[in-house]
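Chemist: Please read through the structure below; I'll follow up with questions.
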Amino acid sequence: DAGITQSPRHKVTETGTPVTLRCHQTENHRYMYWYRQDPGHGLRLIHYSYGVKDTDKGEVSDGYSVSRSKTEDFLLTLESATSSQTSVYFCAISEGGPAMNTEAFFGQGTRLTVV
Amino acid sequence: GESVGLHLPTLSVQEGDNSIINCAYSNSASDYFIWYKQESGKGPQFIIDIRSNMDKRQGQRVTVLLNKTVKHLSLQIAATQPGDSAVYFCAENRNNNAGNMLTFGGGTRLMVKP
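One line per chain: the protein sequences are A and B, in this order.
1 is the number of the first residue of the first sequence in this note's numbering; add one for each residue after it.
1 is the number of the first residue of the second sequence in this note's numbering; add one for each residue after it.
If you want it as structure tokens, here you go:
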């Protein structure tokens, strides 16, 4: 999986609790992404990062925040988890920037269940 | 982890036959397209890509065709094998000032009958 590790792989949490998912890469790629995958919706971008401390929102960013304090780590935080955030979360990395179309490589995913 | 699961269009083919998976994309400004394969319990895996200045690109047993006029993308798999059974996603890349923004289609499940 192109040197991408997501942790935890599975988590069950209660509504209203904070949750942080971690993505760690060993490829030194500049770009990192968080997607969620739900039935009927495919993969949808939550947030992405284009460098250390540089992040921006994707199409479904409400209820999520991210941080990137170093190149290799990209954290996704649910400040107060809701049942609608039950999903499978994928981290992805890519090397290229605006002038370079390059593929994204995905991690194995984190299954999050909010009860 | 798993793919989308429910309500996916499904293509069922016989082992050894050719498979064609179709995708309609939405943004005429998209300039780069990727096909991903996702097996149960795994993340999406890159299969093949194509830039908008091309109509066709071939890989090993796979071919991607791009029709920009109707915003249509297809993935052809030759001599389909049981190991090809998976969910296939097309993704379009919309560049913005910050980088690549991949937007995914809903996926197609390919089932290969032995």
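Where a beta carbon is used, it is the ideal one built from N, C-alpha and C, also for glycine.
Applying a beta-carbon distance threshold of less than 9 Å, which residues of chain B neighbour A/Gln108?
Modeler: What A/Gln108 touches in chain B: Gly1, Gly41, Lys42 and Gly43.
Chemist: Hey, how far is the Cα of A/Asp54 from the Cα of B/Asp17?
Modeler: A/Asp54 and B/Asp17: Cα-Cα distance of roughly 47 Å.
Chemist: Which runs of the beta strand (DSSP E) at least 3 residues long sit entirely within the stretch 22-86 of chain A? Give them in chain order.
Modeler: Fully enclosed beta strand (DSSP E) runs of 3 or longer: 31-38, 42-51, 54-57, 64-70 and 73-78.
Chemist: Go ahead and label A/Ser7 buried or exposed: buried means 16 or more other beta carbons lie within 10 angstroms of its beta carbon, across all protein chains shown.
Modeler: Exposed, by the Cβ-count rule.
Chemist: How far does the beta strand (DSSP E) with B/Val112 in it extend, from its first residue to its last?
Modeler: Note, B/Val112: beta strand (DSSP E), Thr108 to Lys113.
Chemist: For B/Glu15, which residues of its own chain have a beta-carbon under 7 Å away from its beta-carbon, when the five flanking residues on both sides are left out?
Modeler: Around B/Glu15: Thr80, Gln81, Pro82, Val112, Lys113 and Pro114.
Chemist: Provide the residue span of the beta strand (DSSP E) that contains A/Thr113, from first to last.
Modeler: Segment Thr110 to Val114, the beta strand (DSSP E) holding A/Thr113.
Chemist: Quick one: list the residues of chain B neighbouring A/Gly42, beta-carbon separation under 8 Å, in chain order.
Modeler: Neighbours of A/Gly42 on chain B, chain order: Val4, Phe89, Phe104, Gly105, Gly106 and Gly107.
Chemist: Which residues in the same chain have their Cβ closer than 7 Å to the Cβ of A/Gly109, if we skip the five residues on either side of it in sequence?
Modeler: Correct list, in chain order: Gln6, Val88, Tyr89 and Phe90.
Chemist: For the 8 Å Cβ check, are there 3 or more pairs between the stretch 3-22 of chain A and the stretch 75-84 of chain A?
Modeler: Verdict: yes, contact present.
Chemist: Spell out the partners DSSP gives B/Val87 in its beta bridges.
Modeler: Paired residues: B/Gln38 and B/Arg109.
Chemist: Spatial neighbours of B/Leu6 within its chain, please: CB distance less than 6 Å, with the 5 preceding and 5 following residues excluded, ordered by chain position.
Modeler: With a pLDDT of only 48 at B/Leu6, under the threshold of 50, the placement of this residue in the model should not be trusted, and no figure is reported.
Chemist: Using the C-alpha atoms, what's the distance from A/Val114 back to B/Asp55?
Modeler: Roughly 44 Å separates the two Cα atoms.
Chemist: Measure the alpha-carbon distance for A/Tyr64 versus A/Ile4 and round it to whole angstroms.
Modeler: Each residue's alpha carbon lies about 21 Å from the other.
Chemist: Note down the Cα distance separating B/Thr103 from B/Asp84, rounded to an integer number of angstroms.
Modeler: Cα to Cα, the separation comes out at about 23 Å.
Chemist: If the cut-off is 8 Å on Cβ atoms, which residues from the stretch 52-76 of chain B count as contacting chain A, listed in chain order?
Modeler: The residues in question: there are none.
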